[in-house]
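**Student:** Mind having a look at this structure? Questions to follow.
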Amino acid sequence: MRNTKLAAYLFGFMAAGVLAPLAAQAQAPSPSSGHRVAVVDVAKIFKESPAIKSQVEKVENELKAYDTALGKKRDELKAAVEQLKTYNVGTPEYAAHEEKVASMESRLRLEMARKRKELADAEARIYYDNYQQITAAVKYLATYNKIDLVLRYNSEEMDPAKGESVIRSVMKNIVYHDAKLDMTALVMQYLNANVAKNDAPAAR
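What follows is the structure, encoded as structure tokens:
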């Protein structure tokens, strides 16, 4: 959940100014120019998109609220366990309270399992919905700019002090690309423009 870090966007045609940055660089290729290629950092879009971050934050806030409520229920269970110690083993009072503690513990476990699945499903839905929107945006922009192939890459800089960062960098599929081929910023611009467009009040 802590990657955490999604309502789906609707796509519509945008003003020509939004498409201009890449369109200016990617004119229709001449017959001898071969195929046009671009790259996009999907992980960066997930990490930096305001709309996606807002959706993830909503799930994280729900988790925090649940953690608070869960803490109270754990305290109640702990108090019931302590109270059980005040009864003599084998007495009707002990048996009745023991059953009450077992029931409380069972309900708590079931509720925790249900909530964990609910939040995991919500997070998965965020990533699923937004990935669909990202790929749709890439397809639209690539078609508009006559780009034949868009490759996914990771723009993360290698941090030699962090082993995981080094491993991720060494395993990158793309070793080098011209900066002009990176359409990540344009995809984010496209998505943000559509979110703003769809959030705008309808004209009367």
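Using mature numbering (1 follows the signal peptide of the UniProt record, and there is no 0), the letters of the sequence shown correspond one by one to residues -26 to -1, 1 to 178. For each residue, glycine too, the CB sits at the ideal point set by N, CA and C.
Taking the CB atoms as reference points, tell me whether ASN128 and LYS146 lie closer together than 8 Å.
**Tutor:** Cβ atoms of ASN128 and LYS146: closer than 8 Å.
**Student:** Counting Cβ pairs closer than 8 Å, one from the segment 30 to 38 and one from the segment 83 to 101, do we hit at least three?
**Tutor:** The segment 30 to 38 vs the segment 83 to 101: in contact.
**Student:** Let's test the definition: count the other Cβ atoms within 10 Å of the Cβ of ASN119 and tell me whether it reaches 16, buried, or not, exposed.
**Tutor:** ASN119 comes out buried.
**Student:** Report buried or exposed for GLU138, applying the criterion of at least 16 other Cβ atoms within 10 angstroms of its Cβ.
**Tutor:** Per the 10 Å Cβ criterion, exposed.
**Student:** Tell me the rounded alpha-carbon separation between HIS9 and GLN163.
**Tutor:** Computed Cα separation, rounded: 25 Å.
**Student:** Helix, strand or coil for ALA(-4)? Go by DSSP, reduced to three states.
**Tutor:** Because the pLDDT of ALA(-4) is 42, which lies under 50, any placement of that residue in the model is unreliable, and the number read from its coordinates should be weighed accordingly. In the structure shown, ALA(-4) sits in a helix (DSSP, three-state: H, G or I).
**Student:** Can you tell me where the beta strand (DSSP E) holding ALA135 begins and where it ends?
**Tutor:** Looking at the DSSP string, ALA135 is not in any beta strand (DSSP E), and its letter there is neither H nor E.
**Student:** Around the C-beta of ASP41, are 16 or more other C-beta atoms found within 10 angstroms, so that it is buried, or is it exposed?
**Tutor:** Classification of ASP41: exposed, given that the 10 Å Cβ count is below 16.
**Student:** Starting from ARG10, trace the beta strand (DSSP E) both ways and give me its first and last residue.
**Tutor:** Element bounds for ARG10: n/a, residue is neither H nor E.
**Student:** Along the chain, where does the beta strand (DSSP E) containing LEU123 start, and where does it finish?
**Tutor:** Taken as a continuous stretch (DSSP letters only), the beta strand (DSSP E) holding LEU123 covers 123 to 126.
**Student:** If distances are taken between C-alpha atoms only, which option among ARG126, LYS27, ALA54, ALA111 comes closest to HIS151?
**Tutor:** Nearest option by C-alpha distance: ARG126.
**Student:** Could you give the residue range of the alpha helix (DSSP H) that holds TYR148?
**Tutor:** The amino acid occupying residue 148 in the given sequence is Ile; Tyr does not appear at that position. No alpha helix (DSSP H) holds ILE148; DSSP gives it neither H nor E.
**Student:** Just the C-alpha distance for ALA98 and GLU22, rounded to the nearest angstrom, thanks.
**Tutor:** Each residue's Cα considered, the two are about 18 Å apart.
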